[in-house]
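To keep things clear, I will list the structure first and then write my remarks on it.
Residue numbers (our numbering), protein chains in the order written: chain A, 147 to 614; chain B, 13 to 461.
Set out below in structure tokens:
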């Protein structure tokens, strides 16, 4: 009880300090910059939300509030390369087992537009089924999302958060996990890419599309339509006289406003399929678009690694490792295939496999973003061969590079945004304690660890949770 | 242990195409050479020579068949294996925008099982939920290869049509029963056989208008003009290809009346039905099917599983063949697909076909129907080396496939498969044990705050 009081007190202090000092110096700490050297006894100065200086010979400004960093390590704030944090209705990372991206089971609550997918039965691509491509995560943010604090307590300062409902779910935004009055304070980049799901089908009788091939065909048709739309619009804007005006189509506008598209792929077969499909979409797209694959559970397989290496497409790797099903009392597992067992055994070695051959990848929480789950999930990848350095890169500078934001986040460098994690011990270790988190130069104290077990097994498809 | 692992890999990976001679085999060629005892020479993935006495190329591997039977790889004209995420886009009555090619799943174990049943090529069809279904294509059963590598290169793609009870939703014509999540199932036109015909005719009316639009555009471009390109509509594009004879139409059907309807609708719109599938009442309208020039792909003796299949007879295949129709026997099913050889055998029992005619129904005849008979379907010089070695008379229930080659590459070897089983079981046990020991509760849990 006393402990609780102390914690509440500290938490209140943290809150009060959130709008606190404009200049902060962390002195005599080990500083892991990621982009450059490690300072064994260095100082980092934060000013007005930016990193003002870092090094082992830095003068502490007279107006700075000082954190005595002896025995502590400072890392760049972690980046969750794919999340739904900040959009309360869009996901439920804590949703008993189903979790996953865009979890929340079958709940059809009214609230945010992010999940208000049109419910009418679609009779073809013209009805734009399961499409909210115009939705911008930045516009859906709710400052009161309690998950912000939980996620931040894992050391995650920056998240690329997405609407995830439907086939063309909408555009993701890069946000800083500050707790503030206005959601707009959180936004770094409003649109970084279109979240495309291959599990948005409604099944037999539920309207078009109801199968994977239906979804693929629909995605292709929407790209073809965007291509034609742009053609007609350009012609019309050049000379509207005597030409019927092209009909405004927000689904196509949303698609064309997306600088990238993200395709789901877990199995090698899916990776192969989506790499080919993505190349096709890039060729059809009327605007230049980057491509990202997400999921990549089987990226430990040499064939998958080879495909990804050849394609030179960045990968977001889910940290939600496949877990065994609950065992029956007599322990009969004979109905599980060898393949499934191999997948469970090898999945955490995928990051190491990709790092080894230089495939550009980032790790994303996939719902395992509560502190204990997150730390365990990353540790699993390290135990399976990923170097500590690469694990850190896959959660800092690599996602920053993938999203084209490495000029402002992802490492501790002068002029970058003051996002930092301060730990006692090496980050991702079992016993490591996250002491402080700085986001936009504001100091936060992590909330006490939750009672674990929020992870749950991997969903069959990335993004499958809640869409089935 | 390492040696064991390598051994498993070697057993699973198909050996590369090599030069080899299968000698001392009873070869049922389904080609001009009929049945003979002798050798087949394979080089560069093709059949290089056949005969009682052949020249053995330098360095060729000799495979001693010991008098056993060699037949051309079996071809299944109607299969639904090797797809991901469903083979029916059942939401709409015209789903020609979807394509099986997009969802090929080379990991489907049914491919390997089909291979173990001697199947080397299968026509992977969309389901029969729609009057006009999705786009289809034949695959070679190259187990272990990628989706792209399984595609039968150069084969004309197809499209599935369906008539009768399935597209008219005989189980639920009004819709409205049940719901999926918050979505009420709504009735889907058509609900009658008349409606099925209307859907097909209306779709082709649209397709013809679409084709005219594109033809006008192409003509204008050819004249050096710069018109605005028309919209590409994937649904109508597939039907345009049908009108241009670039895509085969495979029609799921049962009753004689609907078969005649389909022939009239095709004639009126200027396209041909390539095959009638199932076509259980084909024997009643064999003359008309023959005149239209369509093939017929049917079941051997599978009938009465629904009302529209009630008038089926096992003599159907033989009767249609005697009217001059190219007839094949298909599986429509991953299990039946594993023993199409005995399905062919039934054509000997029902209707008195000879063994060559019967075996043709699962080899050269489906090849003709799919327009791939120039390269597969029989053991003839120059064709793909798609070969199946049986340990007994191929149309007997007791015959087992021992080896299968596709393009001269061995993809199935019964002995190796059986030998590899123990190692696989051991690996599985090892992984389970590893998991169990990892699952034991950790002792260093921190107390909850």
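We put the beta carbon where it would ideally sit given N, CA and C, even for glycine. Values in this document were obtained by computation on a predicted structure and should not be read as measured data.
Q.
Quick test of the definition: if touching needs 3 or more C-beta pairs under 8 angstroms, does the region 293-308 of chain B touch the region 260-269 of chain B?
A. yes
Q) Would you say residue 24 of chain B faces chain A, with C-beta separation under 7 angstroms as the test? A) Reliability fails at residue 24 of chain B, whose pLDDT of 47 lies under 50, so the model's placement of it is uncertain and the value that follows must be treated cautiously. Output row for residue 24 of chain B: interface = no.
Q.
Whole angstroms are fine: how far does the CA of residue 135 of chain B sit from the CA of residue 376 of chain B?
A. 14 angstroms
Q. Name the chain A residues whose beta carbon is nearer than 7 angstroms to that of residue 440 of chain B?
A. 484 and 487
Q) Can you name, in chain order, every residue of its own chain whose Cβ lies under 8 angstroms from the Cβ of residue 441 of chain B, other than the five neighbours on each side? A) none
Q: Examine chain B for any beta-carbon lying closer than 7 angstroms to the beta-carbon of residue 491 of chain A, and answer yes or no.
A: yes
Q | Min CB distance residue 513 of chain A to chain B below 7 angstroms | A | no
Q: Taking C-beta pairs closer than 9 angstroms, name the residues in chain B that residue 271 of chain A reaches, listed in chain order.
A: 109, 245, 246 and 247
Q. Would DSSP call residue 348 of chain B helix, strand or coil?
A. helix
Q | residue 355 of chain A: contacting residues in chain B (beta-carbon distance under 7 angstroms) | A | 101 and 103
Q. Nearest chain A C-beta to residue 98 of chain B closer than 7 angstroms, yes or no?
A. yes
Q: Kindly indicate if chain B contains any beta-carbon less than 7 angstroms away from that of residue 621 of chain A.
A: With chain A covering 147 to 614 only, the question about residue 621 of chain A has no answer from this structure.
Q: Leaving out five residues on either side along the sequence, give the residues of the same chain with a beta carbon under 8 angstroms from the beta carbon of residue 42 of chain B.
A: 83, 84, 368, 371, 372, 375, 376, 389, 390 and 391
Q: Answer yes or no: do residue 169 of chain A and residue 215 of chain A have a C-beta to C-beta separation smaller than 7 angstroms?
A: no
(Q) I want to see whether chain B comes within less than 7 angstroms of residue 240 of chain A, judged by CB atoms only; does it? (A) Confidence at residue 240 of chain A is low in this model, with a pLDDT of 30, below 50, so the placement of that residue should be treated as unreliable; the coordinate-derived value is given next. No - not a single Cβ of chain B is within 7 angstroms of the one on residue 240 of chain A.
Q: Consider the Cβ of residue 325 of chain B: report whether some Cβ of chain A lies at a distance smaller than 7 angstroms.
A: no
Q) So is residue 240 of chain B in contact with chain A if we call contact Cβ pairs under 7 angstroms? A) yes
**Q.** Burial state of residue 341 of chain A (16 or more Cβ within 10 Å)
**A.** buried
Q.
If contacts are defined as beta-carbon pairs under 8 angstroms, then residue 206 of chain A and residue 171 of chain A qualify, I think. What distance do you get, rounded to the angstrom?
A. 4 angstroms
Q | Residue ranges of each beta strand (DSSP E) within the region 62-111 of chain B, 3 or longer | A | 73-76, 81-84 and 86-91
(Q) Let me see if you follow: with CB-CB separation under 7 angstroms, is residue 443 of chain B close to chain C or not? (A) The question asks about chain C, but that chain is absent: this structure's protein chains are A and B.
Q. Would you say residue 516 of chain A and residue 524 of chain A are within 7 angstroms of each other, going by their C-beta atoms?
A. no
Q: Note the first and the last residue of the continuous beta strand (DSSP E) segment covering residue 36 of chain B.
A: 32-40
Q) Would you report the Cα separation of residue 443 of chain B and residue 219 of chain B, rounded to the nearest angstrom? A) 55 angstroms
Q: Could you tell me how far apart the beta carbons of residue 229 of chain A and residue 101 of chain B are, in whole angstroms, since I believe they sit closer than 8 angstroms?
A: The Cβ separation is near 32 angstroms, so there is no contact.
Q.
Could you tell me which whole beta strand (DSSP E) segments of length 3 or greater appear in the region 453-522 of chain A?
A. 461-464 and 507-510
Q | Per DSSP, cross-strand counterpart(s) of residue 582 of chain A | A | A:568
Q: Please go through the same chain and pick out, in chain order, the residues whose beta-carbon is closer than 8 angstroms to the beta-carbon of residue 192 of chain B, but skip the five residues on each side of it.
A: Note that residue 192 of chain B has pLDDT 48, beneath the 50 cutoff, so the model's placement of it is unreliable and the number below is only indicative. Contacts found: none.
**Q.** Per-residue contacts from residue 494 of chain A into chain B (C-beta, under 7 angstroms)
**A.** Per Cβ cutoff of 7 angstroms: no residues; residue 494 of chain A is ~11 angstroms from chain B at best.
Q) residue 112 of chain B versus chain A: which residues are under 8 angstroms apart at the beta carbon? A) 359
Q. Buried or exposed: residue 394 of chain A, going by 16 or more other Cβ atoms within 10 Å of its Cβ?
A. exposed
Q. What are the boundary residues of the beta strand (DSSP E) that includes residue 264 of chain B?
A. 260-265
**Q.** Inter-stretch contact (C-beta, 8 angstroms, three-pair minimum) for the region 413-430 of chain B and the region 104-121 of chain B
**A.** no
Q) Considering only residues of the same chain and omitting the five flanking positions on each side of residue 335 of chain B, which have a CB-CB separation below 7 angstroms? A) 298, 299 and 302
Q.
What does the alpha-carbon distance come out to for the pair residue 290 of chain A and residue 370 of chain A?
A. 39 angstroms
**Q.** Buried or exposed by the 16-neighbour rule on C-beta atoms within 10 Å, applied to residue 350 of chain B
**A.** buried
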